[in-house]
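Chemist: Note that the working numbering has the sequence shown beginning at 30, numbered continuously upward. Glycine included, each C-beta is placed from N, C-alpha and C at the ideal position. As the structure is a prediction and not an experimental result, all values here were calculated from the model.
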Amino acid sequence: MAVTQADIAAFASRLGCTVNQIAAVATVESSGGGFDKFGRPKILFERHLFHRQTGGKWSPSAYSDATAGGYAVDSWDKLGMACGKDPDAAFGSCSWGKFQVLGLHWSKLGYASPYALALSTVKGEAAHYELLARYIEKNGLTDALRALSRDPDDCRAFARAYNGPGYETYKYHTKLAAAMA
Numbered sequence: 030m031a032v033t034q035a036d037i038a039a040f041a042s043r044l045g046c047t048v049n050q051i052a053a054v055a056t057v058e059s060s061g062g063g064f065d066k067f068g069r070p071k072i073l074f075e076r077h078l079f080h081r082q083t084g085g086k087w088s089p090s091a092y093s094d095a096t097a098g099g100y101a102v103d104s105w106d107k108l109g110m111a112c113g114k115d116p117d118a119a120f121g122s123c124s125w126g127k128f129q130v131l132g133l134h135w136s137k138l139g140y141a142s143p144y145a146l147a148l149s150t151v152k153g154e155a156a157h158y159e160l161l162a163r164y165i166e167k168n169g170l171t172d173a174l175r176a177l178s179r180d181p182d183d184c185r186a187f188a189r190a191y192n193g194p195g196y197e198t199y200k201y202h203t204k205l206a207a208a209m210a
């Protein structure tokens, strides 16, 4: 089910931000779209998170390694291989949908399991916005989201909180500012 402009406006109102601010996050996180060419939710499998959650039991492999990387291997393939070993850790090790919210946050965001969080993203794009809204609300990021502007310095707080300490290395703050244009 496609999300409408009215749906997006309702999420922006709920978060007290502009539609443009939400659109900037979508652009940076998933090039704006929530689904791949096969109609599956976009995912990014993080092998280092699977390694961490499983104590490295299946490392090194395409889906489990102490270091981040291995992005040349399709994330859906890695998810499938990892599910054969530990499904909860596998679903928790992926960032899901239009806003790339990590499955590890399932409990804090009110989902019954990492799988339930993942399954929610299959239902339609509105579920991706719901996932974003929950993440922002539960992590106290509403003010940081509202501060997004064309100035990269205004985007630092959100980029740091949303993307972690490596945000500067990957220039998330400058990408957000550019997406606000």
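1) Helix, strand or coil for Ser42 per DSSP?
2) Would you say Asp103 and His77 are within 8 Å of each other, going by their C-beta atoms?
3) Can you tell me whether Thr33 is buried or exposed, with buried defined as 16 or more other CB within 10 angstroms of its CB?
4) If you scan the segment 110 to 137 from start to end, which runs of the alpha helix (DSSP H) of 4 or more residues do you find wholly inside it?
5) Under 8 Å by Cβ, that's how I've got Tyr201 and Val48 pegged, so tell me the actual separation to the nearest angstrom.
6) Give me the Cα-Cα distance between Ala210 and Arg179, rounded to the nearest whole angstrom.
7) Which residue's Cα is closest to the Cα of Ala55: Ala186, Asn168, Leu161 and Ala190?
8) Using 8 Å for Cβ pairs, my map puts Gly126 next to Lys71. What's the rounded Cβ distance?
9) Quick one: using the 10 Å Cβ neighbour count with 16 as the cut-off for buried, is Lys152 buried or exposed?
10) With a CB to CB cut of under 6 Å and the five nearest residues on each side skipped, what residues in its chain are close to Lys114?
11) Leaving aside the five residues before and after Ala188 along the sequence, list all residues of the same chain whose C-beta is less than 7 Å from its C-beta, in chain order.
12) Alpha carbon to alpha carbon, how far is Phe40 from Cys184? Give it in angstroms, no decimals.
13) Whose C-alpha, out of Cys112, Phe64 and Lys167, is nearest the C-alpha of Gln129?
14) Within this structure, are the beta carbons of Ser142 and Asp172 separated by less than 8 Å?
Modeler: Here's the rundown:
1) It is helical.
2) no
3) exposed
4) 116 to 121
5) That pair is no contact at about 20 Å.
6) 6 Å
7) Leu161
8) 6 Å
9) exposed
10) Trp87
11) Tyr196, Tyr201, His202 and Leu205
12) 20 Å
13) Answer by Cα proximity: Phe64.
14) no
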